[in-house]
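Just below is one structure, and these are the notes that go with it.
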Amino acid sequence: MSLSITLPALEHVPPAIPPAESPVVVPAYASERGIDPDLLETARIRLELLYGEVAADWPGFIARPGQYQMMQAALLTFLSAKAPDNEDRTGN
5 MSLSITLPAL EHVPPAIPPA ESPVVVPAYA SERGIDPDLL ETARIRLELL YGEVAADWPG
65 FIARPGQYQM MQAALLTFLS AKAPDNEDRT GN
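In terms of the working numbering, the sequence shown opens at residue 5 and continues consecutively.
Structure, rendered in structure tokens:
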């Protein structure tokens, strides 16, 4: 007897963050500006692959509402991060 888990296909959900040409003010950590589009697409594909692997391998995994959006926000934060020497900061 073998157990197999069939995952629902991950739909490509457009980012909750407005595109670069939008007049909406977006915090720097949540913006796609300055991130290479090819790198961003590759990273999103990899993130969805890893998400699917965790869902398949982790018994009792439950996808919670908003989890996908949180993953995308964390990805943008990671990709737009700069070294402390290359980032303007107020304070000391």
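Idealized CB from N, CA, C, for every residue including glycine.
* Can you tell me the Cβ-Cβ gap for LEU43 and LEU83, rounded? I've got them flagged as a contact below 8 angstroms. => Yes, they are in contact, since the Cβ atoms of LEU43 and LEU83 sit about 7 angstroms apart, within 8 angstroms.
* Asked: When the distance is taken between beta carbons, is MET75 closer than 8 angstroms to TYR55?
  -> Yes, they are a contact pair.
* Collapsed DSSP secondary structure at ASP61 in the structure displayed -> If DSSP states are grouped into helix, strand and coil, ASP61 belongs with the helices.
* Tell me whether ILE39 sits in a helix, a strand or coil according to DSSP, three-state version. => Note: ILE39 maps to coil in three-state DSSP.
* Taking ALA67 and ALA60 to be in contact with their CB atoms under 8 angstroms, please state how far apart those CB atoms are, rounded to whole angstroms. => Not really, about 12 angstroms apart at Cβ, beyond 8 angstroms.
* How many Å lie between PHE65 and TYR72 at the Cα? -> For PHE65 and TYR72, the distance between alpha carbons rounds to 14 angstroms.
* Asked: When DSSP labels each residue in this structure, what does ALA78 get in the three-state scheme?
  -> In this structure, ALA78 counts as helix in the three-state DSSP scheme.
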